[in-house]
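Take a look at the structure set out below.
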Amino acid sequence: MTILQIYVAPHPVLKKKAEPVTGGVTAGLRKLMDDMLETMYTSDGIGLAAPQVGVSKRILVLDIHQPKGDTLTPAERRTKPQFFVNPEIVQSSQDLRIYNEGCLSVPGQYADVARPDKVRVKYLDYYSKEQEVEADGLLATCLQHEMDHLDGILFVDHLSTLKRDILMRKLKKFTKENEEDLEKTHVL
Ligand code: GNR
Ligand code: NI
């Protein structure tokens, strides 16, 4: 298993529309999904889309049933991993649900985002089998957040220009401070 690098905004790969997977889910793509899942657990995330690791393909992984605690190993975090290839929303509810979202590609920043409360999603599973799922609650929120990544959209794109500008400015500051902290620990 390999831990992949997670790209942070404003990296251009995060703005690109990802390409559909053709020819089904191969062993190579299964390895990519396993690595994405491991990367997601290591970063304490509940979802990860392929563009976040620099692969512009319509693939995402999730595991929304995350146990609490920051000392857990990736193996301890693994509860109910789910894999989605070429996911498509075939139905959305009128009802919205607001959730305070974060993103591994926008580290340290959070904002309320409103999205349909229920979605029906068609996709290929880990074994290349066609599936359909009716998602609600956190699964619906997370699936839509990940599917946005496949279209080059980040949760900050759902905010007003003013809120987005403030948040991206804070991200820049956050990233810079992290880099400075890293430099210090390397020097010492
Ligand atoms: O780990 C994550 N948590 C999260 C919280 C609320 C709404 C969406 C998410 S997904 C995010 C991981 C991530 O960036 N996936 O793209
Ligand atoms: Ni994200």
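First residue of the sequence shown: -15, per this note's numbering; consecutive thereafter. Where is the CB? At the ideal position from N, CA and C, for every residue including glycine.
- Ligand 1 never approaches G38 closely enough for any of its heavy atoms to be under 8 Å from the residue's Cβ.
- In this structure, G31 has its CB closer than 8 Å to one or more heavy atoms of ligand 2.
- The chain-ordered list of residues whose CB is nearer than 6 Å to some heavy atom of ligand 2 reads C87, L88, S89, H129 and H133.
- At the C-beta level, L21 and A34 stay beyond 9 Å of one another.
- A distance below 9 Å separates the beta carbons of L(-2) and G136.
- DSSP lists E85 as the beta-bridge partner residues of A95.
- When DSSP states are grouped into helix, strand and coil, Y107 belongs to the strand group.
- The shortest CA-to-CA distance from Y(-9) to any of E3, L13, D79 and T23 is the one to T23.
- G12 and L146 have their C-alpha atoms spaced approximately 42 Å apart.
- Taking all protein chains shown into account, G29 has 16 or more neighbouring C-beta atoms within 10 Å of its C-beta and is therefore buried.
- Looking only at Y83, G38 and Q75, the smallest Cα-Cα distance to D96 is reached by Y83.
- A direct Cα-to-Cα measurement between S144 and L151 gives close to 11 Å.
- The way I'd put it, the segment 156 to 171 does touch the segment 86 to 104; three or more beta-carbon pairs between them come closer than 8 Å.
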